[in-house]
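First up is the structure itself, then whatever we jot down about it.
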Amino acid sequence: MTLSYLPVPAGPPDDVPPYEPWTGEAETLAGAAAAGRRAAVWIRSLPSPPSPTPVWVWLVGDLAGAVEDAMAALDPGDCDRTDGHGLAVDGQGGIGPVTRSMLAAVPCVVSDTDWLTVDQQVRLLAVASAVTGAAGVLAQDPGSAILHGLLARLCTVLDHAARPDGPAWVSCAVEP
């Protein structure tokens with residue numbers, strides 16, 4: 235079997251044009267950061283168990299901070315690309331591996347939150363999923379994420395999941 239490698243692109247490594255922001259990028263990313271802050275406030279407002287546990291401390295501390303930091307750090311420039319040798323590099327959308335692993339742990343941790351209502355547990359799962367999805371959509375297709383509202387839709391999901399608890403919240407869904 236013969237392996238043939240593609241030639242390295244001509245020109246010096248610094249001939250890559252500088253990153254050009256998408257139209258509306260600053261506003262979209264500012265909205266995402268604000269949605270992350272609101273979600274973190276909601277997570278920090280979750281009730282504590284009768285006696286504080288390490289899971290509760292992790293939720294209201296590390297997880298809330300990770301959600302807030304991740305949404306503030308979203309980066310359309312950290313997208314899927316090809317390196318100087320023609321190899322594919324997966325983008326991360328601005329979220330680092332530690333934050334990614336914290337978000338991935340939420341489904342396992344939720345099973346230990348028996349003091350929370352099922353609604354709160356499901357909403358925690360939705361928050362982790364929306365934040366992970368926001369980074370993923372930016373990494374895979376930043377243009378569609380920003381120009382076609384994909385990131386904004388995920389921020390709407392994040393806001394819905396992180397809505398305040400209690401009877402004051404009223405669904406706008408139409409009943410059959």
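Residues 235 to 410 (our numbering) make up the sequence shown, in order.
Here a beta-carbon is modelled for each residue, glycine too, at the ideal position from N, C-alpha and C.
In this text, all values refer to a predicted model and were calculated from it rather than measured experimentally.
(message) Tell me the DSSP secondary structure of T347 in three-state form.
(response) coil
(message) Taking the alpha helix (DSSP H) that L411 belongs to, which residues open and close that run?
(response) Only positions 235 to 410 of the chain appear in this structure, which leaves residue 411 out of reach.
(request) Give the DSSP-derived three-state secondary structure of R397 in the structure shown. (result) coil
(request) Determine the burial state of V301: buried for a count of at least 16 other Cβ atoms within 10 Å of its Cβ, exposed for fewer. (result) buried
(request) Just confirm the distance between the C-beta atoms of L308 and A396, as a whole number of angstroms; I'd bet it's less than 8 Å. (result) In fact, because the Cβ distance is near 16 Å, the residues do not count as touching under 8 Å.
(request) Look at the Cβ atom of V416, then the Cβ atom of A364, and state whether they are nearer than 7 Å. (result) No information on residue 416 is available, as it lies outside the stretch 235 to 410 that the chain covers here.
(message) For R387, list the residues DSSP reports as bridge partners.
(response) R387 is not bridged to any residue.
(request) Grab me the residues of T262's own chain with a C-beta within less than 6 Å of its C-beta, minus the 5 sequence neighbours each way, in chain order. (result) I380, L385
(request) Kindly confirm or deny that the segment 292 to 299 and the segment 274 to 281 touch, where touching means at least three C-beta pairs closer than 8 Å. (result) yes
(request) Reducing DSSP to helix, strand and coil, say where A307 ends up. (result) coil
(message) Please classify T351 as buried or exposed, where buried requires at least 16 other C-beta atoms within 10 Å of its C-beta.
(response) Flag for T351 reads exposed.
(message) Does any residue of chain C have a CB that is nearer than 7 Å to the CB of W256?
(response) Here chain C cannot be found, since the structure has a single protein chain.
(message) Output needed for V289: all residues of its chain with C-beta closer than 7 Å, excluding positions within five of it in sequence on either side, in chain order.
(response) V343, D346, T347
(message) What would DSSP say about T262, mapped onto helix, strand or coil?
(response) helix
(message) Considering only the alpha carbon of each residue, which of P331, D314, A362 lies closest to L372?
(response) Ranked by Cα distance from L372, the options P331, D314, A362 are led by D314.
(request) Can you give me the Cβ contacts of A266 inside the same chain, cut-off strictly under 7 Å, excluding the 5 residues immediately before and after it? (result) M305, L308, A368, L385, C389
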